[in-house]
Ligand SMILES: Cc1ncc(COP(=O)(O)O)c(C=O)c1O
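Rendered as structure tokens:
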């Protein structure tokens, strides 16, 4: 006899991604499935130097607790970057450090969602965030995201239903790789501003535009109605778990309380190491190198796709990030393709779980993690199976 699980646990969506990690680890399997950065681009040497310097200089205090909202010099750095790169001014007190940006979604759910509250999500949208929010029992309402960004007509009509939150990823979206156009950002900001709905602007891939940032932040347009979430996971290290949210002033007290209640604070040591890394290295030139490397890798992937995959399939050419959005012919079920690919030793990520509705013929492909050799082999498998099936 065991206690019954809470409603919150029952409501929390399953993660399709985690089950794929096990499949991808099988011997001989090639993976285009997960969203991991390229191992060879993580700055191990400079992080080692920064960690040593932090330990040498700080002695025992380096390993101590810090304030719940995070290490002040790092928050000041992020506030300064908001001013220089993201087009808005913010006091460091409104930058709240978290255990990866994933924790922001859980905190925002906890802060705002009661069971049955309405929440707008992108269709398709990032599954990991949907899983976090799902624990709070919201009714998800999908707004379609296409090549230009969010469907404004749909957004306007959903806003009539008084949703509390809109979770968006305007830059190089996971899963589709799509970015909102500048006009689309302005239109979204116009709809959301003063509507009573809080915009969550996930900027996880914002720094990974191959030719720089692709558009202004919506936070710069409607600062009081937007929480911008950020992360060093896609640039410096996903394992160090350093994310943050930039909140409007009216949220300060309750956001601080929320993080204290859930984890006391995020990892202080890693925050200090990253802060030191940023002080000792030119982050902009580091990012320039990273963007160049991902651009080269993406072009290699696109060439391999063009060489090996038949035209009956469709895919986009992203301008940043790590994902290509792949479509089997309209009316077909990409889940069947996904199964057949696994039989042929290629793991991909079906697009259906990223959708509130539709998406049966979609698949997400990650080109950042596999080596060039694996990209060639993987796209050959993809092409062979597609030719057999379609
Ligand atoms: C769009 C998006 N947002 C947020 C996250 C969470 O990243 P982290 O918690 O490592 O900052 C991810 C992870 O893949 C992501 O793809």
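Residue numbers (the numbering used here): 142 to 531. All C-beta atoms, glycine included, are put in the ideal place defined by N, C-alpha and C.
{"Query": "Per DSSP, the bridge partner or partners of residue 259", "Result": "280"}
{"Query": "Sub-8 Å separation of residue 262 and residue 497 beta-carbons", "Result": "yes"}
{"Query": "Secondary structure, alpha helix (DSSP H): runs of 4+ residues fully inside the segment 389-457", "Result": "393-404, 409-421, 424-449"}
{"Query": "Element boundaries [beta strand (DSSP E), containing residue 206]", "Result": "Run containing residue 206: none; DSSP gives neither H nor E here."}
{"Query": "Residue 313 classed as buried or exposed, judged by whether at least 16 other C-beta atoms fall within 10 angstroms", "Result": "buried"}
{"Query": "Straight-line Cα distance separating residue 323 from residue 507", "Result": "26 Å"}
{"Query": "Close beta carbons around residue 486, own chain, < 8 Å, minus the five adjacent residues each side", "Result": "169, 170, 171, 522"}
{"Query": "Contact set for residue 153: own chain, Cβ-Cβ below 6 Å, skip 5 residues either direction", "Result": "275, 276"}
{"Query": "Option in 351, 348, 283, 181 with minimal Cα separation from residue 304", "Result": "283"}
{"Query": "Boundaries of the alpha helix (DSSP H) in which residue 530 is found, first to last residue", "Result": "513-530"}
{"Query": "Within 8 Å, strictly: CB atoms of residue 285 and residue 315", "Result": "no"}
{"Query": "Outcome for residue 180 when other beta-carbon atoms lying within 10 angstroms are tallied against a minimum of 16", "Result": "exposed"}
{"Query": "Residue 244: first and last residue of the uninterrupted alpha helix (DSSP H) it sits in", "Result": "243-253"}
{"Query": "Residues that DSSP places opposite residue 384 in a beta bridge", "Result": "239, 372"}
{"Query": "Collapsed DSSP secondary structure at residue 285 in the structure displayed", "Result": "strand"}
{"Query": "Alpha-carbon spacing of residue 528 relative to residue 460, whole angstroms", "Result": "28 Å"}
{"Query": "8 Å Cβ cutoff, residue 525 in contact with chain C", "Result": "Any reference to chain C falls outside this structure, which holds one protein chain only."}
{"Query": "Heavy atom of ligand 1 within 7 Å of residue 374 beta-carbon", "Result": "yes"}
{"Query": "Cross-strand partners of residue 172 (DSSP beta bridge)", "Result": "488"}
{"Query": "Reduced DSSP secondary structure (H/G/I, E/B, other) of residue 227", "Result": "helix"}
{"Query": "Host alpha helix (DSSP H) of residue 465 (start-end)", "Result": "It is not in any alpha helix (DSSP H) - residue 465 instead sits in the beta strand (DSSP E) that spans 464-468."}
{"Query": "Beta-carbon proximity check, residue 222 vs residue 238, cutoff 8 Å", "Result": "no"}
{"Query": "Close-in-space but distant-in-sequence residues of the same chain around residue 259 (CB under 7 Å, 5 per side omitted)", "Result": "279, 280, 282, 302, 303, 304, 305"}
{"Query": "Distance, residue 489 Cα to residue 166 Cα", "Result": "13 Å"}
{"Query": "Meets three-Cβ-pair contact criterion under 8 Å: the segment 385-393 and the segment 355-374", "Result": "yes"}
{"Query": "Simplified DSSP state of residue 290, which is helix, strand or coil", "Result": "strand"}
{"Query": "Residue 269 in three-state terms, based on DSSP", "Result": "helix"}
{"Query": "Residue 202 beta carbon near ligand 1 (any heavy atom closer than 7 Å)", "Result": "no"}
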